[in-house]
Amino acid sequence: MTIFSRRVLLRSIGAGGAGLVLAKFLESVGEPLQEPTVGRNLPSFTGPGTNPFWNSVGPMVSEPQKAPLILLMDRPVQLETPRHYFSSAFTPNEAFYVRWHLDGIPNTVDLKEWRLRVEGNVEKPLTLSLPDLLTKFRSVSLAAVNQCSGNSRSRLQPRVAGGQWGNGAMGNALWTGVKLRDILDATGLKSGSVEVQFQGLDTGKGPEGFGSNKFMKSLRLDNPVVDECIVAYSMNSQPLPMLNGFPVRLVVPGFFATYWIKSLTWIRALDKPDDNFWMKTAYRVPDTPRGTTTPEEVQTGKVKTVPINRMPVRSFLISPDGSTKIPAGLPLMLRGIAFSGAGRVSKVQISEDGARSWRVATLGKDYGAYSFRTWEMAWTPSHRGTYQIAVRATDEKGNTQADDPVWNPGGYLWNRIERQELAVGSAA
Amino acid sequence: MRIPTIFVLILLVLSMLATVALYADFQSGYYAPVGASSLAQQTPPKLSLDADYEVGMYPIYPALFPSGDGVTEVKAYCNTCHSPRYITMQPPLPAAVWTAEVNKMVNSYGAAIPDDAKQKIIEYLQTHFTHETRKRS
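Respectively, the protein sequence lines represent chains A and B. Quick note: the first sequence uses the working numbering, first residue 75, plus one each step. Quick note: the second sequence uses the working numbering, first residue 14, plus one each step.
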């Protein structure tokens, strides 16, 4: 009786090789047959050279109300958004990066008790409940990028101490809430008010009077940004995640996130400039073009500094991300985002030869001057090889990205032209 | 004629292997066991309808520290305001930077660290976390 043919028999003997591999695998669960080419863990730290990866290298973790994000710090919480979430103009709340300064951060807010307090050098102090904010003021919405001052700190050479962010300490959301100016008008600023100070629910274990005890930031009242600020109770048309500042946070369009106080609870009019640690000592940048200096200059003690403020123009390639080999001749889309704290992105240019020659990309929908602007460009790698894709954005004020690095002791303001290596393989 | 089940099974297995062999002509594939991710899925929380908005505790992920003189002081004092993961997150830093960082914690942030403990912390960080001394893990 022969149910299978000679040919099938031969074929099955020929399959022995592959079968053996399978069998060997089944025997050896728990021990790789050879080093896998994907799935190797990142190193646990980078340096002393620049971090070569787009994101920081921490493990992925789950935190309340969050998708798995990259861990920088567990206490106080600092989480970075993985690159692929930036393929759209708006960053999902559950993927939005997190950065707190003090470890006493709220995990419960009782809205029966919580009030936004407006006090200091004012005519009529206010205590506003969430329903007050929702019903007694007109609501406004604005798309705005929130970026940590230290985003991309791990790029600096020499490396500086601090949160070792890759590029993912940023996000864009549609913020809805009350105009700060409407609240200030309702409370009535007394004459002599020069700054307005903001404080949230976070507290630290350091002694009173130190930055480790309270986190407070201030804006000069003559800064035009005050008229653009929003006390936001909604983020992408959802309540704010607790880790992003529930119930309300300050939105300071175009400014770095250090001013965007989370779980905002005190708004204080000041009759003299704020000299608390977080204004006077921390978050200051050299008063030089691009805020750049050198370790040697800093050593002289003569570098004049100013409080960090608006974000410089930046742009990123999001896909392809370099993790996949591309066959030569295969047409594909390069896609990414751009933004600037100084105004609308007006142009994004792409180079396939490491920033020597440039082509203009097509910009996506305009969600406003302070939003991420998506861009894309059709691209066909003509031949096998390694391509250095570079991205450069220009904003409506004419600011453009430079190819020189930035260095300052705080690790702030990085906006060098980004590069991504893409491997293009033979197609036949 | 009735074909015994065992033959049917053998036939199935052999045809499977044959398929594998066919595919082996232009691709090769295998699975490699690697450490399973520790990202367990969470059950959805039970939500009350009052004015309390609660998200539960934030998790702590203890960082690994090389043993040695000063590790106790690091874990005790540096854990007051932030978890010591702040140290393991850093790139290797020059010895002078570690001295400056610890002094910053005491002078700028008001960390209450006795002088001898402070010295031990600086020495520990310089022994394990500079370009020359930091070990890849």
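Ideal placement from N, C-alpha and C gives every residue a C-beta, glycine not left out.
| query | result |
| --- | --- |
| Per-residue DSSP class, three states only, for W249 of chain A | strand |
| Any C-beta of chain A under 7 Å from that of Q103 of chain B | yes |
| Beta-carbon spacing of D469 of chain A, S425 of chain A below 7 Å | no |
| E67 of chain B: first and last residue of the uninterrupted beta strand (DSSP E) it sits in | D65 to E67 |
| Coarse secondary structure for R430 of chain A, derived from DSSP in three states | coil |
| Presumed contact (8 Å Cβ cut-off) between Y66 of chain B and T124 of chain A, rounded CB distance | Actually they are not in contact, since the Cβ atoms of Y66 of chain B and T124 of chain A sit about 41 Å apart, beyond 8 Å. |
| Local Cβ density within 10 Å of G503 of chain A, reported as buried at 16 or more and exposed below that | For chain A, the structure presents residues 75 to 502; residue 503 of chain A sits outside this window and is missing. |
| According to DSSP, residues forming a beta bridge with M451 of chain A | A:L408 |
| Any non-hydrogen atom of the ligand FAD within 6 Å of S228 of chain A CB | Questions concerning the ligand FAD fall outside what the structure shown contains, since it holds no ligand whatsoever. |
| Beta-carbon contacts of P105 of chain B that lie in its chain and below 7 Å, excluding the five residues immediately before and after | F142, T143, H144 and R147 |
| Minimum C-alpha distance to S121 of chain B - residue among A:Q152, A:S203, A:K336 and A:N350 | A:N350 |
| Exposure of S456 of chain A, with buried meaning 16 or more beta-carbon neighbours within 10 Å | exposed |
| For W481 of chain A, the nearest candidate out of A:M451, A:R388 and A:P360 (CA to CA) | A:P360 |
| Three-state secondary structure (DSSP) of I351 of chain A | It should be noted that the sequence gives Phe, not Ile, for residue 351 of chain A. If DSSP states are grouped into helix, strand and coil, F351 of chain A belongs with the helices. |
| Beta-ladder partner(s) of V219 of chain A, from DSSP | A:N246 |
| Contact set for R358 of chain A: own chain, Cβ-Cβ below 8 Å, skip 5 residues either direction | T379, V380, P381, I382 and G484 |
| P381 of chain A - DSSP class collapsed to helix/strand/coil | strand |
| The region 150-164 of chain A in contact with the region 435-451 of chain A per 3-pair CB rule at 8 Å | yes |
| Buried versus exposed call for D288 of chain A [16 or more other C-beta atoms within 10 Å across all chains shown] | According to the sequence as given, residue 288 of chain A is Lys; it is not Asp. The residue in question, K288 of chain A, is buried, as its Cβ has 16 or more Cβ neighbours within 10 Å. |
| Exposed unless 16 or more other CB atoms sit within 10 angstroms - verdict on E495 of chain A | exposed |
| Spatial distance of Q238 of chain A from S118 of chain A (CA atoms) | 12 Å |
| Enclosing beta strand (DSSP E) for R98 of chain B [first to last residue] | Where R98 of chain B is concerned, there is no enclosing beta strand (DSSP E), although the alpha helix (DSSP H) it sits in stretches over R98 to M102. |
| Supposed contact pair S228 of chain A and S130 of chain A - C-beta distance, whole angstroms, cut 8 Å | 6 Å |
| Any chain B beta carbon closer than 7 Å to S136 of chain A | yes |
| Neighbour-count burial assignment, L22 of chain B, 16 or more Cβ in a 10 Å radius | exposed |
| Exposure of V434 of chain A, with buried meaning 16 or more beta-carbon neighbours within 10 Å | exposed |
| Cβ pair count under 8 Å reaching 3, the region 127-146 of chain A against the region 209-223 of chain A | no |
| Within-7 Å CB hit, S203 of chain A to chain B | no |
| Beta-carbon contacts of V422 of chain A that lie in its chain and below 6 Å, excluding the five residues immediately before and after | S389, A412, A435, W449 and A467 |
| Contiguous alpha helix (DSSP H) assignments of at least 4 residues, all confined to the region 273-338 of chain A | none |
| Where D469 of chain A falls: helix, strand or coil (DSSP) | strand |
| Bounding residues of the alpha helix (DSSP H) (the contiguous stretch that carries R255 of chain A) | L254 to T261 |
| L52 of chain B versus A141 of chain A: straight-line alpha-carbon distance, rounded | 10 Å |
| Cβ-based burial, V26 of chain B [other Cβ within 10 Å; buried from 16] | exposed |
| Opening and closing residue of the beta strand (DSSP E) in which T182 of chain A lies | T182 to D184 |
| Rounded separation between T332 of chain A and G396 of chain A - CA only | 32 Å |
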